[in-house]
Structures are given as C-alpha cells and as structure tokens.
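Trainee: Protein chains in written order, with our numbering: chain A, 75 to 387; chain B, 7 to 493. From the three backbone atoms N, C-alpha and C, an ideal C-beta is built for every residue, glycine too. Here it is: the structure, laid out below.
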Amino acid sequence: MNRYVSVDTLRLALPALSLAILLVAVFWLQPRAMSYTGLNLLFNLAVPIALATLAQMLIMAVNDLDLSIGAFVSFVACVTATYLYSTPVVGILILAASVGAYAVLGVIIHLRNLPAIVVTLGMSFVWGGFAVLLLPSPGGQAPEWARWLMTVRPPFVPVAIVASIVAALLAHLLVMRSSLGVLIRGVGGNARSVERAGWSVIAARAAAYGLAGFFAVLAGIALVGLTTSADAGIAQRYTLLSIAGVILGGGEFTGGRISPIGAVIGALTLTLAGSFLSFLRLPSDWQIGAQGAILIIVLAFRLLLNRLEARNK
Amino acid sequence: MNTSTETQKDAVIAVEDARISFGAVKALNGAQLAIMPGECLGLVGHNGAGKSTIVNVINGGLTPHAGRIFADGAIQERYGINVARAHGVRCVFQELSLCPNLTVIENTRILHRELGGPGWRAKAREVIGRSLDAVFPNHGIDPAVTVGSLSIAERQMVEIAMAFSDAGIKPRLIILDEPTSSLDSGLAGKMLDYVQSFIAAGGSVIFISHILHEVLAVADRIVVMKDGGVAAERASGDFTEKSLVEAMGSVVKNETRQHSGRDLNAAPVVLEQRDTGLPFAAREGEIVGLAGLSGHGQTEMLLRLHRLRSRNWLPQRDPAVTFVAGDRRLNGIFERWSILRNLSVAALGDLVHRGLVNERAERSKAEDWRERIEIRTQNLDGGVLSLSGGNQQKVLFARALSTRAPVVLMDDPMRGVDVGTKQEVYRIIREEAAAGRTFVWYSTEMEEVCLCDRVFVFREGRIVAELTGEEVTEANILAASFAGLPA
C-alpha cells in the first residue's frame with residue numbers, strides 16, 4: 075500500500091515544495107517581505123488568479139480547455155465595477171446569467187461534439203466585446219463589501235493567505251470529496267464507463283462548466299475588490315496563467331487528473347515567481363521568459379516522477 | 007425455441023429475433039437468447055459472430071433495429087441502460103472500463119447510482135470491500151488507491167468484484183466477457199468458484215471466453231454464435247471441445263478455397279520476426295495471413311514489422327513496406343482531400359521533381375490506378391467522402407499498391423466492405439502477389455484467411471500455429487484460435 079501512497083504524495087508534494095523554495099528565496103533576497111504586510115502584498119494579487127485557476131481546472135477535469143477565462147474574468151470585473159456597484163440586483167442577475175451561459179456552453183460542446191478550444195476562443199471575443207460595451211475606458215467603482223473583503227486585516231494571517239486556503243478547501247470538498255466531483259472527474263477519466271453506469275454525461279459536463287463559471291465570477295469580483303476599478307482587458311493574461319497554474323499544481327490536460335489544492339498552490343507559485351524575479355532586479359522584458367523557465371523545470375521533475383511511477387508498476 | 011413464450015416468462019432477460027446492421031455488415035441477424043435464473047450460459051463464436059453485439063443489446067447499450075426484449079417475462083418497449091441496471095444486469099467488459107484517475111471507492115460510486123448521500127465513501131468502501139473479499143479472498147487491494155496505480159490483474163479483479171457487488175439493487179445477471187484474460191490460474195480459479203456459488207444462489211451468468219475447457223467446465227448450457235445468429239445451443243455436457251469448434255465453423259463455404267498451389271518454398275524470405283511465439287517468416291510473392299480472434303496481437307505484429315523496415319527520421323528512397331489501415335475513418339483517409347490526393351500521397355516521393363510535385367505525373371498515375379482497380383468515379387478531383395465505403399477502401403489499396411514497396415501490410419482492411427468490392431480486391435492482391443509482391447494480411451474473416459498461402463494463428467499475443475498450403479482450412483484455424491485443443 076505504501077508504494078502507491080508515496081508516489082501520489084510526491085505528486086502533491088512537488089508543487090508545495092516549489093512554492094516553499096521560491097518563498098525561501100524571496101525572503102532571502104528581501105527579508106522585509108517576511109512580515110504580515112509583506113506577505114499580504116506578495117500574495118494579494120494571487121487570490122483572483124487562484125480562483126480563475128480553479129475555474130480552468132474544472133474545465134480541464136472533463137478533458138477540455140477554456141481559452142476564454144481571461145476575457146470572461148475581465149467581463150465579470152466590468153460588471154462588478156458598474157452594475158454590481160450601482161444596481162446590485164441587476165448585477166447579480168447578469169452574473170447568474172453568465173454562469174448559466176457557461177453551463178449551456180458545456181452542453182453545446184458535448185452535444186455537437188465541438189472542440190472546446192475553438193468554442194471558448196470564439197467566446198473570448200464575445201466576452202471581450204461585452205466588457206468593452208460596459209466600460210469603454212477604465213473606470214467604475216468596487217462595491218463596498220468586495221473592497222472590505224479583500225482588504226480586511228484578520229489577526230496573525232493576512233487575508234490573501236486566508237482567502238487562498240478557503241478557496242482551496244472549498245474546491246477540494248466540491249471536486250475531490252463530493253459525488254458530483256467524482257462524476258465530473260469520472261467523465262474526464264473514462265466517459266464511456268460513466269455512461270454505461272447510467273449517468274448523464276451531458277449533465278456532468280454542464281455542471282463542470284457551470285461551476286467553472288461560478289469560480290470565474292468569484293475571481294472577477296475579487297480582482298475588482300483589490301483594484302477598486304476595472305478595465306475591459308484587466309484579466310487578459312489569466313487565460314494562460316490559469317492553464318499554467320493547473321499544470322504546475324499537478325493537473326494534466328487529459329484523463330481527469332486534477333488537484334484543487336495543487337492548482338491554488340500553482341497559482342501562488344506563479345505570482346510569487348513574478349515577485350522573485352523583480353527582487354532579482356531582472357528587467358521586466360526577461361520576466362516572462364524566466365517564468366517559463368520555472369514552469370519547464372517543475373514540469374521536468376513531474377516527467378521524472380511519472381517515469382518512476384511507470385517503473386514501479 | 008420451441009416453447010418460446012414459456013421460456014420468456016421464466017427468463018431473466020430474453021432477446022428474440024434481434025437484428026442490427028452497421029452499414030453493409032449484419033452484426034445480428036435474428037439472434038435469440040434467453041437466460042434462466044440459476045444458469046450459467048456459455049457464449050462462444052469466432053470474430054464477427056455477434057457475441058459483443060448481443061451482449062451490448064442485453065446491457066442496454068445498443069437498441070436493436072428489430073426484435074423484442076423481455077425482462078422477467080414482461081416485454082420491454084424502451085429497454086436501455088437504466089432499465090437493464092434496474093433488472094440487475096451487470097457487465098464486465100473485455101477492455102477494462104473503470105476510470106483510471108479515480109480510486110476504487112470512487113469507481114464504486116460511479117457504478118452504483120443509488121449509493122448517494124452523506125457518508126457514501128464509507129458505504130462504498132464496505133460494498134466493494136465485501137465483494138472483493140467474497141470473490142478473491144486475501145486480495146490485498148486497498149480500495150482507497152487510484153485504479154491507475156493498480157496492476158492489470160488487480161484492475162481486472164476490481165472490475166469483476168464491482169460487477170458482483172450489491173449496493174441496493176441485487177446483481178442478477180452478470181455478463182463476463184473474457185474475464186480471465188489477465189488473471190493467473192489461481193485467481194481465475196477463485197473467480198470461477200465464486201461464479202459457481204453465485205449460480206447456486208439463483209444468479210445468472212453469461213460467460214464468454216476463448217478458453218474452451220473453461221467454458222465447458224463452468225457453463226450449464228452453451229450457445230454457439232455464427233454470422234449474427236445462433237448456430238447451436240445445447241447443454242454443455244453434449245459438447246466437446248472438438249464439437250464446439252466444428253459448430254463455430256461454416257460448412258457450406260468450402261468452394262471458396264482457391265489455392266494457386268504455387269510452390270514458394272524456394273523464394274527468398276523478405277520478412278522475419280522471432281520474438282512472439284513461433285517464428286514468423288514471409289517469402290517473396292507470398293500472401294501471408296494473420297488469423298485468430300481479434301485483439302490477440304495481430305495488429306501489434308503488423309506495427310512491429312512496419313517499424314522493423316522503416317526509418318524514423320528521414321524517408322527512404324526505396325520504401326520497403328507500405329501499410330493499408332483497417333479503420334478507414336480513423337487512420338486511413340484524409341477526409342478533406344480529393345480522391346486524387348488521397349491516392350497519390352504515399353507515392354509522392356516518386357512524383358517529385360526538384361522539390362515540387364509533378365502534377366501531370368501524379369494525375370496520370372492516379373488515372374492509371376483508377377482503371378486498374380476500377381474506382382467508380384468520374385472525377386478524381388471530388389472529395390474522397392463522395393465515394394462509397396468500398397470505393398474509399400479501394401483508394402487506400404491503390405495508395406499502397408502505387409508505391410514501389412515490395413511488402414504490403416494490411417490491417418483487416420475489408421471490414422464492412424461489400425462482397426463485390428471484396429472479390430475485385432482479392433483478384434488484385436493475387437495479381438500483385440504473382441508479380442512478386444509480398445502481402446501480410448491480418449483479417450478477421452475466415453474466407454479471406456483461407457485465400458492465403460501461409461497462415462499464422464495468434465492467441466494471447468503469440469503465434470501458436472503456422473499453416474501452409476492445404477493445411478489452411480477453417481477447422482485448423484478455429485482449433486488453433488481457441489485454447490485447449492492441440493493445434
């Protein structure tokens with residue numbers, strides 16, 4: 075029994091380990107970061123990224139990929155900074171409808187057997203268009219409660235870390251412990267066997283997409299809570315960051331192998347990598363490349379781990 | 007089928023006069039099957055006999071185009087997966103059908119829809135644990151590990167235990183499709199013991215296996231299927247291994263034997279392979295058949311032969327082998343390309359002048375082949391999907407034959423092709439072989455295998471028999487395909 079556990083634990087330990095190494099490196103370069111305020115500053119922008127990563131993870135759980143996360147989070151941010159601030163009821167209705175649209179997207183992709191990449195790439199322009207219609211120029215205002223939520227100062231642990239842990243645990247309960255989560259991962263692992271057991275694969279896919287939409291909405295609200303205003307392209311880079319975060323956290327593109335806790339750790343690692351590189355006084359031109367290098371190193375370790383796993387069998 | 011209304015009343019599931027066809031292939035052609043409570047029914051038959059199809063009808067995965075299904079004596083108008091499961095029908099599939107990314111417990115949850123609510127993990131653990139303990143005592147499998155980290159045999163054990171597990175709806179009819187294929191004899195024995203006790207307690211089992219002595223030992227009654235129908239049905243005591251094999255064969259087709267009687271023993275060997283059972287060798291100008299039940303290593307053999315003779319990085323100036331794919335849609339045609347392009351793509355190396363394709367040469371070559379193998383189209387520039395399935399297959403043949411490769415590997419290329427086209431292709435193959443080409447032909451159809459000069463029969467990934475000339479008969483091939491008979 076132990077031989078299985080060790081490899082599975084290693085899979086989860088690897089993202090945690092890379093985060094710890096980066097954190098130590100940052101503290102070594104900049105000891106003042108080792109404080110309440112320092113940690114909050116390091117991680118607060120990671121919260122919306124972590125939520126978007128969880129959304130992406132749900133889509134990847136059913137073997138699809140969502141290229142519209144960035145545009146969708148931007149759209150949500152614009153709704154939050156306009157309607158949710160001025161007329162909350164309308165704002166909530168719009169957000170609920172957009173979560174519904176995500177679920178419908180899942181149904182269409184399943185029924186018509188369309189490649190999710192193409193559909194979501196198309197949708198990214200739709201969401202982007204709506205966002206520009208709402209906020210042609212940067213502006214808007216964050217709702218009080220969102221602002222309060224992202225800037226509250228709980229004792230001992232900064233809010234950025236509390237929020238990340240809560241999001242990770244919530245997603246873990248939902249995806250790893252609940253029946254629905256099992257069903258969603260089952261669709262990713264072997265859709266035919268799920269179907270043979272008499273489940274509706276369409277419903278499972280719709281649920282996965284709907285939940286992804288829900289987490290992306292949370293990401294948009296959290297983002298506006300931090301920035302206090304929005305702009306139509308505010309979260310464009312989230313699409314690739316979220317995919318990288320899922321992979322970094324031990325998830326895989328196919329086969330329903332995902333880990334919510336890993337995904338949140340992956341998102342934190344990516345954010346921290348950015349700060350680490352600025353502390354190194356690396357010119358910002360080089361930062362994206364260096365971030366890529368970190369990703370490649372971690373993935374190389376993963377590959378090694380998979381080889382080990384295959385040999386043990 | 008004498009007192010059919012009587013049997014239907016008592017049967018757990020009865021299928022009557024089921025008909026299903028996929029294109030030109032009649033998968034089921036009026037098949038009858040009734041399974042009584044407390045009975046183990048053995049189901050045997052060669053490739054394409056309709057075993058898997060009727061199993062899929064019984065478990066609700068396929069709806070027959072015609073025919074009736076009874077469950078517990080009542081006719082079922084809307085029989086489907088959920089109706090089948092409600093009647094306690096469970097299936098262990100030949101290919102493993104668990105979710106590899108989930109734990110054993112989570113897979114139990116997927117299989118048992120009724121197992122919901124808070125605390126389902128503890129319940130599922132108990133359900134699968136109890137079943138594993140009952141079927142395979144001392145199994146040593148922890149239900150909390152992911153299925154992907156189990157060995158193949160352990161997965162098979164979990165899958166079998168899963169089918170026999172009870173989480174509210176009692177299992178009443180278990181379909182076991184080659185259940186012992188990845189178990190060693192000790193584990194297989196445990197499973198067969200459990201099957202006996204399950205039947206003694208009033209359960210029913212459909213047992214499908216290529217190991218005939220196992221079927222004879224376990225089953226009470228044996229149904230032999232052939233060409234989508236039931237060929238023989240008797241108590242298992244009335245069958246012997248020999249009579250089972252005879253019942254699987256077709257008696258009338260003897261005239262299809264058309265051997266050239268060519269003596270090729272002097273011809274040079276062009277392909278050799280020694281790693282899988284008996285040594286494999288093919289001589290120049292020979293048509294070599296690969297036979298046996300499907301999925302027993304024939305396609306792997308073709309791929310190995312292909313790898314042996316082709317390079318990974320740069321294309322060869324003189325290609326040594328060419329391949330005709332079996333699954334047309336999956337790895338044969340380029341759906342969006344014209345007939346011309348589909349035909350010429352393998353031989354482009356010969357049609358290139360200074361890095362550019364010589365279009366006139368390409369067209370004349372394609373026209374030439376269109377006439378030689380009679381692809382029925384006016385216009386080679388039409389999309390390849392505008393052709394009928396048989397003609398698409400001819401394009402694939404032309405693609406392979408228009409290369410200069412002396413060896414042609416064929417992976418069951420005639421699946422679902424109409425009889426007329428088949429005859430034409432057989433003629434072309436014979437002509438080409440006479441001109442010195444070597445064919446290695448994996449076929450699931452007995453008629454085609456019997457056209458070959460030399461046949462290798464596969465079982466469980468290994469060559470178990472080599473037949474040449476007059477020995478290439480249906481009886482010999484069937485005997486070698488099923489374990490337990492001296493080949």
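Just checking my contact of D138/A with I183/A at CB under 8 Å: how many whole Å lie between their CB atoms?
Mentor: The count along the first sequence starts at 1 and reaches residue 138/A at position 64. The count along the first sequence starts at 1 and reaches residue 183/A at position 109. 7 Å between Cβ atoms; contact.
Trainee: Residues of chain A with a CB under 8 Å from the CB of G195/B: which are they?
Mentor: On the second sequence, residue 195/B is found 189 positions in, with the first residue counted as 1. By Cβ distance, chain A contributes nothing, its closest Cβ being about 25 Å from G195/B, past 8 Å.
Trainee: So with CB distances below 9 Å, who are the chain A contacts of L108/B?
Mentor: Against the second sequence, residue 108/B aligns to sequence position 102. Ordered by position in chain A, the residues that pass the 9 Å Cβ test against L108/B are V256, R259, G260, G263, N264, G330.
Trainee: Any beta-carbon of chain B closer than 7 Å to the one on S92/A?
Mentor: As a working mapping, residue 92/A is identified with position 18 in the first sequence. With 7 Å as the cut-off, S92/A does not count as an interface residue toward chain B.
Trainee: Taking A90/B as the reference, which of Q202/B, V98/B, N65/B, I75/B has the closest Cα?
Mentor: Taking the first residue of the second sequence as position 1, residue 90/B is located at position 84. Closest by alpha carbon: N65/B.
Trainee: Under 8 Å between beta-carbons, which chain B residues line up against A87/A? List them in chain order, please.
Mentor: Position 13 of the first sequence holds residue 87/A. Near A87/A there are no residues of chain B at all, since even the closest Cβ is about 16 Å away, more than 8 Å.
Trainee: What separation, rounded to the nearest whole angstrom, lies between the Cα atoms of G122/B and E132/B?
Mentor: The sequence position of residue 122/B within the second sequence is 116, counting from 1. The sequence position of residue 132/B within the second sequence is 126, counting from 1. Each residue's alpha carbon lies about 14 Å from the other.
Trainee: Would N62/B pass as an interface residue toward chain A - the criterion being a Cβ-Cβ separation below 7 Å?
Mentor: Against the second sequence, residue 62/B aligns to sequence position 56. Not an interface residue.
Trainee: Thinking V230/B and G51/B are a contact (beta carbons under 8 Å), I'd like their distance in whole angstroms, please.
Mentor: Reading the second sequence from its first residue, position 224 is the one you call residue 230/B. Reading the second sequence from its first residue, position 45 is the one you call residue 51/B. The pair is a contact, with the Cβ atoms about 6 Å apart (cut-off 8 Å).
Trainee: Considering only C-alpha positions, which residue in the set L88/A, L103/A, F353/A, L125/A is nearest to F288/A?
Mentor: Locating residue 288/A in the first sequence gives position 214, counting from the first residue. The option with the nearest alpha carbon to F288/A is L125/A.
Trainee: Quick check on DSSP: helix, strand or coil for A237/B?
Mentor: Mapped onto the second sequence, residue 237/B falls at position 231. Strand at A237/B.
Trainee: Evaluate D305/A with the Cβ neighbour count: other Cβ atoms within 10 Å of its Cβ, from every protein chain shown; 16 or more gives buried, anything less gives exposed.
Mentor: The count along the first sequence starts at 1 and reaches residue 305/A at position 231. D305/A comes out buried.
Trainee: What separation, rounded to the nearest whole angstrom, lies between the Cα atoms of S316/B and V413/B?
Mentor: Position 310 of the second sequence, counted from the first residue, corresponds to residue 316/B. Position 407 of the second sequence, counted from the first residue, corresponds to residue 413/B. Their backbone Cα atoms lie some 11 Å apart in a straight line.
Trainee: Determine the burial state of N260/B: buried for a count of at least 16 other Cβ atoms within 10 Å of its Cβ, exposed for fewer.
Mentor: Locating residue 260/B in the second sequence gives position 254, where the first residue counts as 1. Note that N260/B scores 47 on pLDDT, short of 50, meaning its location in the model is unreliable and no value can be drawn from it.
Trainee: Assuming contact is defined by CB atoms lying nearer than 7 Å, are I339/B and V390/B in contact in what I supplied?
Mentor: By 1-based counting over the second sequence, the position of residue 339/B is 333. By 1-based counting over the second sequence, the position of residue 390/B is 384. Closer than 7 Å, so yes.
Trainee: Any Cβ of chain A within less than 7 Å of the Cβ of I87/B?
Mentor: In the second sequence, the residue the question calls residue 87/B occupies position 81. With 7 Å as the cut-off, I87/B counts as an interface residue toward chain A.
Trainee: Under a CB-based cut-off of 7 Å, is V257/B close to chain A?
Mentor: On the second sequence, position 251 is the one that residue 257/B refers to. Only weak support exists for where V257/B lies, its pLDDT of 48 falling under 50; the value from the coordinates is given anyway. So, not an interface residue.
Trainee: Taking Cβ-Cβ distances shorter than 9 Å, what residues in chain B pair up with S274/A?
Mentor: Taking the first sequence and counting its residues from 1, the one referred to as residue 274/A is at position 200. Within chain B, no residue comes near S274/A; the closest Cβ sits about 10 Å away, beyond 9 Å.
Trainee: May I have the straight-line CA-CA distance separating D459/B from E306/B, to the nearest angstrom?
Mentor: Here residue 459/B is taken as the residue at index 453 of the second sequence, counted from 1. Here residue 306/B is taken as the residue at index 300 of the second sequence, counted from 1. The alpha-carbon atoms of D459/B and E306/B are separated by roughly 21 Å.
Trainee: If we define contact as Cβ-Cβ less than 7 Å, is V136/A a contact residue for chain B?
Mentor: Here the question's residue 136/A lines up with position 62 in the first sequence. No, no contact with chain B.
Trainee: Would you call T301/A buried or exposed, if buried means 16 or more other Cβ atoms sit within 10 Å of its Cβ?
Mentor: Taking the first residue of the first sequence as position 1, residue 301/A is located at position 227. So T301/A ends up on the buried side.
Trainee: CB-CB under 7 Å to F375/A, same chain, minus the five flanking residues each way: which ones, in chain order?
Mentor: Here residue 375/A corresponds to residue number 301 of the first sequence, with the count starting at 1. Cβ neighbours of F375/A beyond the five flanking positions: L88.
Trainee: Quick check: the Cα distance between V21/B and G154/B, rounded to an integer number of angstroms?
Mentor: One-based indexing of the second sequence puts residue 21/B at position 15. One-based indexing of the second sequence puts residue 154/B at position 148. Each residue's alpha carbon lies about 36 Å from the other.
Trainee: According to the Cβ coordinates, are P177/B and G94/B closer than 7 Å?
Mentor: Residue 177/B sits at position 171 when you count from the first residue of the second sequence. Residue 94/B sits at position 88 when you count from the first residue of the second sequence. Cβ distance < 7 Å, so P177/B and G94/B count as in contact.
Trainee: When you compare only the Cα positions, how much space is there between E247/B and A37/B?
Mentor: Counted from its first residue, the second sequence places residue 247/B at position 241. Counted from its first residue, the second sequence places residue 37/B at position 31. Distance between the alpha carbons of E247/B and A37/B is about 23 Å.
Trainee: Can you give me the Cβ contacts of E430/B inside the same chain, cut-off strictly under 8 Å, excluding the 5 residues immediately before and after it?
Mentor: Residue mapping note: residue 430/B aligns to position 424 of the second sequence, counting from 1. Once the five neighbours on either side are set aside, the close Cβ partners of E430/B are I379, E380, K400.
Trainee: Using alpha carbons as the reference points, say which of A290/A, L373/A, T328/A lies closest to V261/A.
Mentor: On the first sequence, position 187 is the one that residue 261/A refers to. Of the listed residues, the one whose Cα sits closest to V261/A is T328/A.
Trainee: Quick one: is the Cβ of N337/B within less than 6 Å of any heavy atom of the ligand PLP?
Mentor: The model depicted lacks the ligand PLP and carries no ligand whatsoever.
Trainee: Let me know the beta strand (DSSP E) ranges lying completely inside the region 21–75 of chain B, each 3 residues or longer, listed in chain order.
Mentor: The region 21–75 of chain B contains these whole beta strand (DSSP E) runs: 31–41, 46–50.
Trainee: List the residues of chain A whose Cβ lies closer than 8 Å to the Cβ of I116/B, in chain order.
Mentor: Here residue 116/B refers to the residue found at position 110 when the second sequence is read from its first residue. The contacting residues are V256, L257, G260, S267, V268, A271, W273.
Trainee: Please classify F445/B: does DSSP put it in a helix, a strand, or coil?
Mentor: Mapped onto the second sequence, residue 445/B falls at position 439. Strand.
Trainee: Verify the CB distance criterion: does S333/A have a CB-CB separation below 7 Å to chain B?
Mentor: Taking the first residue of the first sequence as 1, we reach residue 333/A at position 259. S333/A does not count as touching chain B.
Trainee: In whole angstroms, what is the alpha-carbon distance linking L356/A and E120/B?
Mentor: Numbered from its first residue, the first sequence carries residue 356/A at position 282. Numbered from its first residue, the second sequence carries residue 120/B at position 114. Rounded to whole angstroms, L356/A to E120/B spans 58 Å at the Cα level.
Trainee: Could you tell me whether the region 405–421 of chain B touches the region 345–357 of chain B, using the rule of 3 or more Cβ pairs below 8 Å?
Mentor: Touching, yes.
Trainee: Put F327/A into one of helix, strand or coil per three-state DSSP.
Mentor: Numbered from 1 along the first sequence, position 253 holds the residue referred to as residue 327/A. In the structure shown, F327/A sits in coil (DSSP, three-state: anything other than H, G, I, E or B).
Trainee: Going along chain A in order, which residues have a C-beta closer than 9 Å to the C-beta of S103/B?
Mentor: Start at 1 with the first residue of the second sequence, and residue 103/B comes out as number 97. Ordered by position in chain A, the residues that pass the 9 Å Cβ test against S103/B are N264, R266, S267, R270.
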